[in-house]
Amino acid sequence: MIITNLTSYLLPWGSLFIKLDTDEGISGWGECSPMGGHVLQAMAVHSLKPLVIGNDPFDVEVLWEKMFLRPYKLGPSGSLLETISGIDIAIWDIIGKVTNKPIYQLIGGRFRDRVQIYFSYGWDRKATVDEVAKIMAANVEKGFDTVKLRMNYGPLKGEYKNDPGLSMIKAIRKAVGDDVRIAFDPNNGYTAHKAIQVGRYLEENVGLAWLEEPTPQHDYIAMAQVADALDTPVSAGEHEYTLWQFRDLILQGKPDIVQPDIVKCGGITEAKKIAALCEAWSKPIVVHNTQPTIGTAASLHFCASVSNAMYHQEFTGHREELSALFNNQLEYKDGYLFLPEGPGLGLEVVENKVREAAISIM
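Quick note on numbering: the numbering used here labels position 62 of the sequence shown as 62, and the sequence is numbered without any gaps.
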């Protein structure tokens, strides 16, 4: 079996789907991180497509290394790894379809048949404190026992005199009760000093499940200062790519929880290596995820096969415009997503609908 073609579909919502065809008529689908879709699409078609065409999809490691090393001036992170991620997921989808097995059976087996998920809400700077609290309470009623508030500050933009995040977190605690776990994500918004100050205040007055990326994402010294100062777990990892960056994150930033994103960090192949690294350092994994279809399915297979992915997977909710592109949907019930049991990813893409929806096809 050889890969005969790569087609990329850029959708109007930012999603970039990758389709790989083979000479045996079996195709696989993947998804890339949804930032700079036109850049990723060009990279997939012009830089990586020539490297995978004519190769056996079962040569997973060989293909991954070729995609990573040959266009070395385009990496070693960012757009290159995000594009590799989508292609790698599509390769695993092919292998699953050829063997008639779900991906999790091919990458280690199943530690769990469902993955507990948490609800993640990003503040849009318009919603009031009460509105945010009501949104969180409504999702707890749907079965979520953990919710996360993302402030969308950006690097060092959370240094407000009256930080709205604190009022929102307190209102959320009041709305959802004491049994619900609350995570807080300032999105890199604080200095180390402010993050420690905020963290200690919330430890005393609210109680947090974790504090996510409180300082600028690549300032590992600041992150380590916060992690050392707080009892609350500090999490990070959504901005890291490859095994080597996660090594440096763990050694220098010292997060308590590691958060790889499967459609960014290098796909399933690299994520499994990152998981092994985390296991060696006794770091639990909470997968970062913003894509509700292919990205979520890939994350589910990864979480099922990894013993230390014991915490919740991020879930931002269904999006009807994306769900319409599939014949089947991921099963959600009472705060859990259930593993797809079909071959490969277990999702059935309707290509003609993807083609109709796409704003660019290459």
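Think of the CB as a built atom: it goes at the ideal place given N, C-alpha and C, for glycine as much as any other residue.
Practice prompt. Give the range of the alpha helix (DSSP H) segment to which THR128 is assigned.
Written response: By 1-based counting over the sequence shown, the position of residue 128 is 128. Counting along the chain, THR128 sits inside no alpha helix (DSSP H), nor does DSSP assign it H or E at all.
Worksheet item: Roughly how many angstroms separate the alpha carbons of GLU82 and LEU249, rounded to a whole number?
Response: In the sequence shown, the residue the question calls residue 82 occupies position 82. In the sequence shown, the residue the question calls residue 249 occupies position 249. Answer to the nearest angstrom: the Cα atoms are 19 Å apart.
Practice prompt. Can you tell me which of the three DSSP states GLN358 falls into?
Written response: On the sequence shown, position 358 is the one that residue 358 refers to. Looking at the sequence provided, one finds Ala at residue 358 rather than Gln. In the three-state reduction of the DSSP assignment, ALA358 falls in the coil class.
Worksheet entry | Contact under 8 Å by Cβ, ILE95 with PHE58 | Indexing the sequence shown from 1 puts residue 95 at position 95. Indexing the sequence shown from 1 puts residue 58 at position 58. Going by C-beta atoms, ILE95 is nearer than 8 Å to PHE58.
Worksheet item: Are the beta-carbon atoms of GLY14 and GLY28 separated by less than 8 Å?
Response: Position 14 of the sequence shown, counted from the first residue, corresponds to residue 14. Position 28 of the sequence shown, counted from the first residue, corresponds to residue 28. No; because the gap between Cβ atoms is not below 8 Å, this pair is not in contact.
Worksheet item: What do you get for GLU240, buried or exposed, if any count of 16 or more other CB atoms within 10 angstroms of its CB means buried?
Response: Numbered from its first residue, the sequence shown carries residue 240 at position 240. Its Cβ being crowded by 16 or more others within 10 Å, GLU240 is buried.
Item to complete: Give me the Cα-Cα distance between GLU348 and ASP113, rounded to the nearest whole angstrom.
Response: Position 348 of the sequence shown holds residue 348. Position 113 of the sequence shown holds residue 113. Using only the alpha carbons, I get a separation of about 20 Å.
Worksheet entry | Rounded straight-line distance, which links the Cα of VAL206 to that of ALA227 | In the sequence shown, the residue the question calls residue 227 occupies position 227. In the sequence shown, the residue the question calls residue 206 occupies position 206. Cα-Cα distance, rounded: 18 Å.
Practice prompt. Would you please state the rounded distance, in angstroms, between the beta carbons of ILE117 and LEU149? I believe it to be under 8 Å.
Written response: Position 117 of the sequence shown, counted from the start, is the residue given in the question as residue 117. Position 149 of the sequence shown, counted from the start, is the residue given in the question as residue 149. Contact doesn't hold; Cβ gap of about 16 Å is too wide.
Worksheet item: Excluding the five sequence neighbours on either side, which residues of its own chain have a C-beta within less than 7 Å of the C-beta of ILE274, listed in chain order?
Response: In the sequence shown, counting from the first residue as 1, residue 274 sits at position 274. Around ILE274: LEU243, PHE246, PRO260, CYS265.
Worksheet item: Just reading off the alpha helix (DSSP H) that GLY267 is part of, what are its end residues?
Response: Within the sequence shown, residue 267 is the residue found at index 267, counting from 1. Residues 267–280.
Worksheet item: Going straight from the alpha carbon of THR269 to that of ILE18, what length do you get?
Response: Position 269 of the sequence shown holds residue 269. Position 18 of the sequence shown holds residue 18. One C-alpha to the other measures close to 16 Å.
Practice prompt. With distances taken Cα to Cα, identify the nearest neighbour of GLY86 among CYS278, ALA44, PHE119, LEU106.
Written response: The count along the sequence shown starts at 1 and reaches residue 86 at position 86. The option with the nearest alpha carbon to GLY86 is ALA44.
Worksheet item: Going by alpha carbons, who is nearest to PRO71 out of PHE111, HIS46, THR296, GLU238?
Response: What you label residue 71 is simply residue 71 of the sequence shown in a count that begins at 1. The shortest Cα separation from PRO71 among PHE111, HIS46, THR296, GLU238 belongs to HIS46.
Item to complete: Taking 8 Å as the threshold, find out whether the stretch 134–154 comes into contact with the stretch 96–113 through three or more Cβ pairs.
Response: no
Worksheet item: How would you call ARG110, buried or exposed, if buried means at least 16 neighbouring beta carbons within 10 angstroms?
Response: By 1-based counting over the sequence shown, the position of residue 110 is 110. Looking at its Cβ environment, which holds fewer than 16 other Cβ atoms inside 10 Å, ARG110 is exposed.
Worksheet item: For TYR201, which of GLU238, TYR311, SER167 has the nearest alpha-carbon?
Response: Position 201 of the sequence shown holds residue 201. The shortest Cα separation from TYR201 among GLU238, TYR311, SER167 belongs to SER167.
Discussion item. I'd like the span of the beta strand (DSSP E) that includes LEU6, first residue to last.
Written reply: By one-based count along the sequence shown, residue 6 stands at place 6. From DSSP, the beta strand (DSSP E) with LEU6 extends over 3–10.
Worksheet item: With which residues is THR146 paired in a DSSP beta bridge?
Response: As a position in the sequence shown, residue 146 is number 146, starting the count at 1. Per DSSP, ARG181.
Worksheet item: Buried or exposed: which applies to PRO343, given that a residue is buried once 16 or more other Cβ atoms fall within 10 Å of its Cβ?
Response: Counting from 1 along the sequence shown, the entry for residue 343 is found at position 343. When all chains shown are included, PRO343 counts as buried.
Practice prompt. Evaluate the contact criterion for the stretch 280–293 versus the stretch 308–328: three or more CB pairs, one atom per stretch, below 8 Å.
Written response: yes
Worksheet item: Using DSSP with H/G/I as helix, E/B as strand and the rest coil, what is GLN41?
Response: Working through the sequence shown from its first residue, we reach residue 41 at position 41. Here GLN41 sits in helix by DSSP.
Worksheet item: Grouping DSSP H, G and I as helix and E and B as strand, with all else coil, what is ALA236?
Response: Taking the first residue of the sequence shown as 1, we reach residue 236 at position 236. Here ALA236 sits in strand by DSSP.
Item to complete: Going by CA-CA distance only, name the one from LEU20, LEU339, PRO214 that's closest to ALA229.
Response: The count along the sequence shown starts at 1 and reaches residue 229 at position 229. Cα-wise, what sits closest to ALA229 is PRO214.
Discussion item. Considering Cα atoms alone, identify which of GLU320, LEU330, LYS272 is closest to THR296.
Written reply: In the sequence shown, counting from the first residue as 1, residue 296 sits at position 296. Of GLU320, LEU330, LYS272, the residue nearest in Cα terms is LEU330.
Practice prompt. Look at PRO102 and LEU337 and say whether their C-beta atoms are less than 8 Å apart.
Written response: As a first step, residue 102 must be located in the sequence shown, where it is residue number 102. As a first step, residue 337 must be located in the sequence shown, where it is residue number 337. No, these two residues do not count as a Cβ contact at 8 Å.
Item to complete: Quick one: grab the DSSP three-state call for PRO102.
Response: By 1-based counting over the sequence shown, the position of residue 102 is 102. The answer is strand: DSSP assigns PRO102 an E or B state.
Discussion item. Could you compute how far the alpha carbon of THR128 sits from the alpha carbon of PRO12?
Written reply: Taking the first residue of the sequence shown as position 1, residue 128 is located at position 128. Taking the first residue of the sequence shown as position 1, residue 12 is located at position 12. Roughly 29 Å between the two C-alpha positions.
Discussion item. Going by DSSP in three states, PRO325 sits in which element: helix, strand or coil?
Written reply: The residue given as residue 325 occupies position 325 in the sequence shown. First, the residue type needs correcting, since residue 325 is Leu and not Pro in the sequence shown. Three-state DSSP puts LEU325 in coil, outside helix and strand.
Worksheet item: What do you reckon, are the CB atoms on SER33 and GLU314 nearer than 8 Å?
Response: Locating residue 33 in the sequence shown gives position 33, counting from the first residue. Locating residue 314 in the sequence shown gives position 314, counting from the first residue. Not closer than 8 Å, so no.
Discussion item. I'd like to know whether the C-beta atoms of VAL234 and LEU211 end up nearer to each other than 8 Å.
Written reply: The residue given as residue 234 occupies position 234 in the sequence shown. The residue given as residue 211 occupies position 211 in the sequence shown. The beta carbons of VAL234 and LEU211 sit closer together than 8 Å.
Item to complete: Identify the continuous alpha helix (DSSP H) that holds GLY165 and give its terminal residues.
Response: Residue 165 sits at position 165 when you count from the first residue of the sequence shown. Where GLY165 is concerned, the enclosing alpha helix (DSSP H) stretches over 164–176.
Worksheet entry | Length of the line joining the Cα atoms of GLU320 and GLU131 | Taking the sequence shown and counting its residues from 1, the one referred to as residue 320 is at position 320. Taking the sequence shown and counting its residues from 1, the one referred to as residue 131 is at position 131. Near 23 Å, if we compare the C-alpha coordinates of GLU131 and GLU320.
Discussion item. In this structure, how does DSSP classify ILE18 when only helix, strand and coil are distinguished?
Written reply: Position 18 of the sequence shown holds residue 18. Strand, per DSSP.
Worksheet item: Taking DSSP as the reference, what is the three-state secondary structure of ILE91?
Response: If you number the sequence shown from 1, residue 91 lands on position 91. The answer is helix: DSSP assigns ILE91 an H, G or I state.
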